[in-house]
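S.K.:
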Amino acid sequence: MVLAGVAMVIPLVASNYVLEVLTNAWFYTVLCLGLNIVVGYAGLLDLGYAAFFAVGAYTTGILTSQFGVNFWLTIPVAVACSMLAGIVIGGPTLRLRSDYLAIVTLGFGEIVRIVARNLKITGGASGLIGIERPHFFGMELSGIHHFYYVFLLLAILACFISYRLQNSRLGRAWQYVREDEDAAEAMGIGRVSVKLYAYVIGAVFGGVAGCFFAAKMTAISPETFTFTQSVLILLGVVLGGMGKIPGVIVGAFALVLFPEVFRDLGSMRMLVFAIVMLVIMLYRPEGIWPEKRS
Amino acid sequence: MSNLDIFLQQLANGLILGSFYALVALGYTMVYGIIKLLNFAHGDLYMVGSFVGFLILSAISGLLGDSWAAILCSMVLSMLAVGLLGVLIQRVAYQPMLSAPRLSILITALAVSMVLSNTVMALTNGEYKAFITDLGYDGVDIGNVFVTYTQIVLVVSAAFLMVVLYLFVHKTLYGKAMRAIAIDQDACRLMGINVNRVIALTFFIGSALATAAGVMAGVYYGSIHFAMGFVIGLKAFTAAVIGGIGSIPGAMLGGLVLGLLEAFGTQIPAIGTEWKDVFSFGILILLLIFKPTGLLGKTEIERM
Chain A
642 MVLAGVAMVI
652 PLVASNYVLE
662 VLTNAWFYTV
672 LCLGLNIVVG
682 YAGLLDLGYA
692 AFFAVGAYTT
702 GILTSQFGVN
712 FWLTIPVAVA
722 CSMLAGIVIG
732 GPTLRLRSDY
742 LAIVTLGFGE
752 IVRIVARNLK
762 ITGGASGLIG
772 IERPHFFGME
782 LSGIHHFYYV
792 FLLLAILACF
802 ISYRLQNSRL
812 GRAWQYVRED
822 EDAAEAMGIG
832 RVSVKLYAYV
842 IGAVFGGVAG
852 CFFAAKMTAI
862 SPETFTFTQS
872 VLILLGVVLG
882 GMGKIPGVIV
892 GAFALVLFPE
902 VFRDLGSMRM
912 LVFAIVMLVI
922 MLYRPEGIWP
932 EKRS
Chain B
1382 MSNLDIFLQQ
1392 LANGLILGSF
1402 YALVALGYTM
1412 VYGIIKLLNF
1422 AHGDLYMVGS
1432 FVGFLILSAI
1442 SGLLGDSWAA
1452 ILCSMVLSML
1462 AVGLLGVLIQ
1472 RVAYQPMLSA
1482 PRLSILITAL
1492 AVSMVLSNTV
1502 MALTNGEYKA
1512 FITDLGYDGV
1522 DIGNVFVTYT
1532 QIVLVVSAAF
1542 LMVVLYLFVH
1552 KTLYGKAMRA
1562 IAIDQDACRL
1572 MGINVNRVIA
1582 LTFFIGSALA
1592 TAAGVMAGVY
1602 YGSIHFAMGF
1612 VIGLKAFTAA
1622 VIGGIGSIPG
1632 AMLGGLVLGL
1642 LEAFGTQIPA
1652 IGTEWKDVFS
1662 FGILILLLIF
1672 KPTGLLGKTE
1682 IERM
């Protein structure tokens, strides 16, 4: 609560640069919480999460820039598209073992990116420009402080939904499937449908984040949705502590803040980031703030 | 060119591409087979190997000239050097993580991959390096298909390395130990096998094979870059999965299948070069749906 209050008043005192970085951190919080449902709750390795984020961003991008659809109306369409993408990738492949699932999700992520790069409607390799800025009760959302609040709200919403899911019937079913698939099935949990729910809900988080990302940037290109992006989101989840909401938030912030804090190092900063990541994993293999498991 | 000629030319291209993939995929599959780790840093070892080979070649070309002897020599030396680097990485980054959750060790591998590629990027300022050899484009016509000597030598040496590996794994004591550890590590430890040493040896061989492929690719394509490990890492991973990850003949077969798929994929009018990756990933996904353990993989039950 106190933290949420502090987060609310930050735009009154912080510079635009700080706001930009923090907005980015909230944005990654939403993505990481979404992936956390798939990886942390249900224990499914997903190496193509950027694909769902791409589906959301492109849905909004195409609908607003080429068909002139109002931004807010694109969100339900994007949600439907991401759910569909979640079912398409999840449906036929969820019976696979974890490592094979990893390569299939990776392949799916690459397919989405290459399709976006080669279709006309997605603007090809140069991407889409001129995505409409959303209006909120007549006020155009354009300044960085507007988007700070937008992403903060999304992050809070994502936390709330994640929390409710974790303690729901479905959340417990995910946990059983994660710990012991066969035992879960023996207890009457339909593991394929339960895993599919994880994929679909995770996809919706990514899709909605993608919509607002497109609106904030007003331009998107396929290079935003590479394998590296998927890996980065996964890093946030594992680095912070899989399955635990505060841990995942810490992970998302570490992901965004680290390269910024070490900006002075220039081209060496990703190297330093990687080394620090390695050290964190070696000394805290369960993440910075792990979930307690008995 | 007639259709048959195009077919043969793509067959040759596919075999060359496939032998690179197969060499890298072998390291993936061996490491996976023995400690169940998807070593995402493997593609970067290929890249590092290519740079080390480049350095050694520039150092010794004054001595031996731009000859096959120089290339062979630099390939062997860089295989040794990067093989040891692979062992070092295993000791520092993977050994302490063997009992950690599987995803954590996967992230560690990703971190190692970033360390390797960013180090090389910092050292080379992100520039392409020209891998100049004086081999030219001499070759022979087989039917109407032109194959350079370079291509022939590369395919032959890749095949040679694979045969040696196969014999090593199936005929020597260490190979037997490797196969045994893949089945049950604890039992091997009880039987008095030095498990850590065998794991280190596996990393050495895998890294050395990736290096061989890296040096070959440098010679073949003529330029090297710090980011080149990423794509080949993905492709090798795909190849290993197609063949059935953990299976050594599977990796060889998977590499060749993937190389041929890509070569022929570019010839299908609707696919072309832009869609060839969609094509190969699509085939991969279809294959896994119908044959979830890959072409030569064994069925096994395990969880994350």
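Just so you know, the protein sequences line up as chains A and B, in that order.
Under the numbering used here, think of the first position of the first sequence as 642, with each following residue one higher.
Under the numbering used here, think of the first position of the second sequence as 1382, with each following residue one higher.
C-beta: ideal position from N, C-alpha, C; glycine also.
1. List, from N- to C-terminal side, the beta strand (DSSP E) runs of 3 residues or more that fit wholly inside the stretch 1479 to 1555 of chain B.
2. CB residue 727/A to CB residue 871/A, shorter than 9 Å?
3. Hey, out of 700/A, 769/A and 912/A, whose CA is closest to residue 722/A's CA?
4. By a C-beta neighbour count over all protein chains shown, 10 Å radius and 16 as the cutoff for buried, is residue 781/A buried or exposed?
5. Within 8 Å, do at least three Cβ pairs link the stretch 1397 to 1412 of chain B to the stretch 1630 to 1647 of chain B?
6. For residue 781/A, which of helix, strand or coil comes out of DSSP?
7. In terms of residue numbering, what span does the alpha helix (DSSP H) encompassing residue 672/A cover?
8. Mapping DSSP to helix, strand and coil, what is residue 1384/B?
9. Anything in chain A within Cβ reach of residue 1481/B, meaning under 7 Å, just list it in chain order.
10. Within 10 Å of its beta-carbon, does residue 863/A have 16 or more other beta-carbons around it, so buried, or fewer, so exposed?
11. Give me the Cα-Cα distance between residue 626/A and residue 712/A, rounded to the nearest whole angstrom.
12. Between residue 865/A and residue 754/A, what straight-line distance do the alpha-carbon atoms span, to the nearest angstrom?
13. Whose Cβ in chain A lies nearer than 7 Å to the Cβ of residue 1761/B?
14. If I measure Cβ to Cβ from residue 1389/B and keep anything under 7 Å in the same chain, skipping five residues before and after, which residues do I get?
15. Which whole-angstrom value describes the C-beta separation of residue 930/A and residue 885/A, a residue pair presumed to lie in contact below a C-beta threshold of 8 Å?
16. My output table needs one value for residue 776/A: the three-state DSSP class, helix, strand or coil.
17. Going by C-alpha distance, which of 693/A, 668/A and 758/A is nearest residue 844/A?
18. For residue 1423/B, count the other beta carbons within 10 Å of its own beta carbon; 16 or more makes it buried, fewer makes it exposed. Which is it?
19. I'd like to know if residue 1402/B contacts chain A, where contact means its C-beta is closer than 9 Å to some C-beta of that chain.
20. Buried or exposed: residue 918/A, going by 16 or more other Cβ atoms within 10 Å of its Cβ?
21. Taking residue 681/A as the reference, give the member of 1534/B, 1484/B and 1440/B with the closest Cα.
22. Where residue 1649/B and residue 1640/B are concerned, what is the direct C-alpha to C-alpha distance, given to the nearest angstrom?
23. Quick one, which residues of the stretch 1654 to 1667 of chain B are near chain A if we go by CB-CB under 8 Å, in chain order?
24. So residue 741/A contacts chain B; which residues on that side make the cut at Cβ distance below 7 Å?
25. Under 8 Å Cβ to Cβ from residue 1555/B, same chain only, skipping five residues before and after it: list those, please.
26. By Cβ distance, which residues of its chain are closer than 8 Å to residue 1667/B, with the 5 residues on each side in sequence left out?
27. I need the straight-line Cα distance from residue 1411/B to residue 1418/B, nearest angstrom please.
28. For residue 828/A, does the count of other Cβ atoms within 10 angstroms reach 16, so buried, or fall short, so exposed?
29. Mind checking who residue 1562/B pairs with in its DSSP beta bridge?
30. Quick check: the Cα distance between residue 887/A and residue 666/A, rounded to an integer number of angstroms?
31. Taking the alpha-carbon positions, what's the residue 794/A to residue 695/A distance?
32. Could you check if residue 1658/B is buried or exposed, using at least 16 other CB atoms within 10 Å of its CB as the buried criterion?
33. Measuring CA to CA, which of 857/A, 655/A, 838/A and 899/A is closest to residue 810/A?
34. Could you tell me the alpha carbon to alpha carbon distance between residue 1572/B and residue 1385/B, rounded to whole angstroms?
35. Considering only their Cβ atoms, is the gap separating residue 769/A from residue 861/A smaller than 9 Å?
36. I want to see whether chain A comes within less than 9 Å of residue 1576/B, judged by CB atoms only; does it?
M.R.: Per the coordinate set shown:
1. Within the stretch 1479 to 1555 of chain B, the complete beta strand (DSSP E) runs of at least 3 residues fall at 1520 to 1523 and 1526 to 1529.
2. no
3. Of the listed residues, the one whose Cα sits closest to residue 722/A is 700/A.
4. By the neighbour-count rule (16 or more Cβ atoms within 10 Å), residue 781/A is not buried but exposed.
5. yes
6. strand
7. 657 to 677
8. helix
9. 926
10. buried
11. The structure shown does not extend to residue 626/A, since chain A is modelled only from 642 to 935, so the question has no answer here.
12. Distance between the alpha carbons of residue 865/A and residue 754/A: 9 Å.
13. Since the displayed chain B opens at 1382 and closes at 1685, residue 1761/B lies outside it and no answer follows.
14. 1524 and 1526
15. 6 Å
16. strand
17. That would be 693/A, whose Cα lies nearest to the Cα of residue 844/A.
18. buried
19. no
20. Residue environment for residue 918/A: buried (at least 16 other C-beta atoms within 10 angstroms of its C-beta).
21. 1484/B
22. Taking the straight line joining both Cα atoms gives about 15 Å.
23. 1655, 1656, 1658, 1659, 1662, 1663, 1665 and 1666
24. Within chain B, the C-beta atoms nearer than 7 Å to that of residue 741/A come from 1622, 1669 and 1673, in chain order.
25. 1549, 1579 and 1582
26. none
27. 10 Å
28. exposed
29. Looking at the DSSP assignment, residue 1562/B forms no beta bridge with any residue, so it has no partner.
30. 14 Å
31. If I take the Cα positions, the gap works out to 21 Å.
32. Residue burial is scored here from C-beta neighbours: residue 1658/B has at least 16 other C-beta atoms within 10 angstroms and is therefore classed as buried.
33. 838/A
34. 56 Å
35. In this structure, residue 769/A lies closer than 9 Å to residue 861/A by Cβ.
36. no
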